[in-house]
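Visitor: Protein sequence lines, in the order shown, are assigned to chains A and B.
Converting from the first sequence to the numbering used here requires adding 629 to each position, the first position being numbered 1.
Converting from the second sequence to the numbering used here requires adding 57 to each position, the first position being numbered 1.
Quick reminder that beta carbons are idealized off the backbone N, C-alpha and C, glycines included.
In this text, all values refer to a predicted model and were calculated from it rather than measured experimentally.
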Amino acid sequence: MTATLVLPLAIAWFSAVGLVAFDGRRAWVGWTAVGALGATFAAVARLAVSVWTDGPMASVTGGWPEGVGITLRADALSAVFALLTAGVLLVSLLHEVLAGVRSRAFPAVVLFMTVGLTGLFLTGDIFNFYVFFEIAMISAYVVTGYGGEPRQLSAAFVFAVVNLLGSFIFLIAIAATYHVTGTLEMSGVAERMATVEPDTVVLIAITVFVALGVKLGLFPFHFWLPVVYASVTPAVAAILSGALANIGTYGVLRFGADLFPRELELGARALIVLGTITILYGALQAMSRRTAPEVIAYSSIGQVGYVLIALAIGGPVGYTAAVLYSLLNALNKALLFLAAGLRGRLVGAAFFVGAMSVAGIPPAAGFFGKLEVFQAAIEEGSAVLVGLVLLGGALSVVYLLQIYQHDFWRPAGRGIAAPQSPAVLRGIALAVAALVLALGLWPEPLLAASREAAEVLVRESR
Amino acid sequence: MTLLFAAVVASLFGSGTFLVLKTDLLRVVVGMVLISHAANLTLMASGLTRGEAPIYPLPDDAVSDPLVQAMTLTALVIGFGVTALLLGLAYRVYTTHFAVDFDRLAEEEARREAELEREEVSV
């Protein structure tokens, strides 16, 4: 059992440490990294299967007794997030290796990021969460500068400074949590928070929310996001929006619903207001931009708003919607960024599938994400929220089709004039698009997994 | 003691924020260092206990809390690595832009954008 839990981390970590010594521009290094990441993905999948069949598992590292050592644990929530993240990282790395790696550290750094992200989903200890979070973030700072063009470098600097500020605020929140509860274990913290003076807990909850909001690019903390997403290379943008942003959504779900359920209820109205502003702001800004990366970047700001609203509604329906929407959003954004960077036959089709998925039009998988949010909004009995979700979807159709038309339709557009991208790269984008379609046509496994993940949160917040 | 820690943390965080808001990249890096130390001190302050060093604790002795020290040590190392990375990034920005000032970087960026736009119009 311990082996199943530790295996993905071990594979990614040892291969990253080994590969960092070699020049990543050589083909064999890149392919070794792809192989290692593939093995990590397989190990995560095995973990997810055993969580699915045998229920959650936990193990204390270093042979310490429970309550002393650091706990690693996997439940349905962490398993689905880990699986999706490893998948997105694998696809992005494969894309970059096929396109030709341009800097020596890239493959190893992506593996380090895999360690950080997988560890973050699997840990049951809040300080350990911070450590894995930093491993993932530091890799992200390096990856953002990948390409070495001037604007990528200054984007990396801005990204690093803003997100470091978020990380340190998170660290302060951990210190405060330890001070009032005397423990770092998530389950222990959740238990003891009930006995702590409410005012203090509210402050800590707000601090955690601000720190995670910076990662997520929520409305008041979004300012760094468009610059960064629009400057980096397509594969890096796919990594940042499809894998790294999961820290934010997973963190908000885990900390909000699991550790601070009372504060989440208290702040539900504020979250709904923030979510609403985020949706509208993201959509309106996206409509006014002309280049695909910028539009998708603002769209990713907007999409987080739905997760926030679903989280605020809460309960089994709300949490299911939040989990499902975050997973689908990560997949959509990875697809859109990868497809937007390519040119040639059938790329337009892949982009179109992604656009339909963001807008929530069947048979793309995004339809079910929107449907769940609709259900949650109806459950809440608020006509305004239902209208807002509809409006957000309509706006996303407008801005994505604008870009589709501009880039892929105009006879003089860059789409036709530019040379064709290699067929393998287009194949990858098409494969992701096919996955999005397949999940839309056969959504039962994903829906069941999201329900199971929401179940974890509902059970523990009682 | 807690009050003293709070005052020091507040002034560190405040000065750090002030520096981060400057336009000079190096000042921003120093500001981040100050803020990281504010976070480290908060970690230390979260478990202030008096007692023996817990190397070989006897049942009757009061021991100081080792966990916060372990956490601070970890956070210090992370902060150190991050500072090195930030300095490296600032240096790369300097070698490509020949400037370490955000205003001048922004100017250059605006110039580039304008060029791109002209190209697009001509297409």
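Between Gln1049/A and Arg1055/A, what straight-line distance do the alpha-carbon atoms span, to the nearest angstrom?
Guide: 9 angstroms
Visitor: Out of curiosity, what's the CA-to-CA distance linking Ala1058/A and Trp660/A?
Guide: 19 angstroms
Visitor: Could you check which residue in Thr152/B, Glu174/B, Met128/B, Phe62/B has the C-alpha nearest to that of Leu813/A?
Guide: Between Leu813/A and the set Thr152/B, Glu174/B, Met128/B, Phe62/B, the nearest pair of CA atoms involves Met128/B.
Visitor: Taking only beta-carbon positions, decide if Arg84/B is within less than 8 angstroms of chain A.
Guide: no
Visitor: When DSSP builds the beta bridges, which residues end up paired with Thr752/A?
Guide: Leu701/A
Visitor: Taking 8 angstroms as the cut-off, decide whether the C-beta atoms of Leu712/A and Val663/A are in contact.
Guide: no
Visitor: For Val87/B and chain A, any beta-carbon pair shorter than 8 angstroms?
Guide: no
Visitor: Taking the straight line between their C-alpha atoms, what separation do you get for Thr806/A and Gly71/B?
Guide: 22 angstroms
Visitor: Name the DSSP bridge partner or partners of Glu109/B?
Guide: Val120/B
Visitor: Bridge partners of Ser68/B, per DSSP?
Guide: Bridge partners of Ser68/B: none, in fact.
Visitor: How would you write the range of the beta strand (DSSP E) that Val689/A sits in, first residue to last?
Guide: 686–689 is the span of the beta strand (DSSP E), which, as asked, contains Val689/A.
Visitor: With C-beta atoms as the reference, is Tyr948/A less than 8 angstroms away from Ala834/A?
Guide: Taking 8 angstroms as the cut-off, the beta carbon of Tyr948/A is found no closer than this to the beta carbon of Ala834/A.
Visitor: Express the C-alpha separation of Leu845/A and Ala734/A in angstroms, rounding to a whole number.
Guide: 26 angstroms
Visitor: From the beta carbon of Trp642/A, is the nearest beta carbon of chain B less than 8 angstroms away?
Guide: no
Visitor: Which residues bound the alpha helix (DSSP H) around Val680/A?
Guide: Note, Val680/A: alpha helix (DSSP H), 656–683.
Visitor: Would you tell me roughly how many angstroms separate the C-alpha atoms of Gly653/A and Val726/A, rounded to the nearest one?
Guide: 9 angstroms
Visitor: Excluding five sequence neighbours on each side, which residues of the same chain lie with their C-beta closer than 7 angstroms to the C-beta of Glu763/A?
Guide: Same-chain partners within the cutoff: Ser796.
Visitor: When the distance is taken between beta carbons, is Ala147/B closer than 8 angstroms to Leu100/B?
Guide: no
Visitor: If the cut-off is 7 angstroms on Cβ atoms, which residues from the region 776–796 of chain A count as contacting chain B, listed in chain order?
Guide: Pro779, Arg780, Leu782, Ser783, Ala785, Phe786, Ala789, Val790, Leu793, Leu794
Visitor: Counting Cβ pairs, one atom from each stretch, are 3 or more of them under 8 angstroms apart for the region 818–832 of chain A and the region 848–860 of chain A?
Guide: no
Visitor: Would you say Phe889/A lies against chain B (beta-carbon separation less than 8 angstroms)?
Guide: no
Visitor: Could you list the residues in the region 139–155 of chain B with a C-beta less than 7 angstroms from some C-beta on chain A, going in chain order?
Guide: Val139, Leu142, Leu143, Leu146, Ala147, Arg149, Val150, Thr153, His154
Visitor: Under a three-way DSSP split, which group does Glu826/A fall into?
Guide: It is coil, neither helix nor strand.
Visitor: Would you give the residue range spanned by the alpha helix (DSSP H) that Met916/A belongs to?
Guide: From DSSP, the alpha helix (DSSP H) with Met916/A extends over 897–916.
Visitor: Could you tell me which chain A residues have their CB closer than 8 angstroms to the CB of Glu164/B, listed as they occur along the chain?
Guide: Those do not exist, as Glu164/B stays about 12 angstroms from chain A at its closest Cβ, beyond 8 angstroms.
Visitor: Are Ile699/A and Ala665/A touching if we call contact CB-CB under 8 angstroms?
Guide: No, these two residues do not count as a Cβ contact at 8 angstroms.
Visitor: Go ahead and label Gly1044/A buried or exposed: buried means 16 or more other beta carbons lie within 10 angstroms of its beta carbon, across all protein chains shown.
Guide: Low confidence applies here, because Gly1044/A scores a pLDDT of 47, under 50, leaving its location unreliable; read the following figure in that light. Buried, by the Cβ-count rule.
Visitor: Using 8 angstroms as the limit for Cβ to Cβ distance, is Val726/A near chain B?
Guide: no
Visitor: Alpha carbon to alpha carbon, how far is Trp642/A from Val1027/A?
Guide: 43 angstroms
Visitor: To the nearest angstrom, how far is the alpha carbon of Pro637/A from that of His1035/A?
Guide: 42 angstroms
Visitor: Which one of Ile938/A, Glu1001/A, Gly880/A, Gly774/A has the shortest CA to CA distance from Ile906/A?
Guide: The closest CA to that of Ile906/A, considering only Ile938/A, Glu1001/A, Gly880/A, Gly774/A, is found on Ile938/A.
Visitor: Buried or exposed: where does Leu78/B fall if 16 or more other Cβ atoms within 10 Å of its Cβ makes it buried?
Guide: exposed
Visitor: Using only CA atoms, which one of Phe758/A, Leu967/A, Thr829/A lies nearest to Val595/A?
Guide: Because chain A spans 630 through 1091 in this model, residue 595/A falls outside it and cannot be assessed.
Visitor: Which residue from Leu130/B, Thr59/B, Ser68/B, His94/B puts its Cα closest to that of Ala102/B?
Guide: Thr59/B
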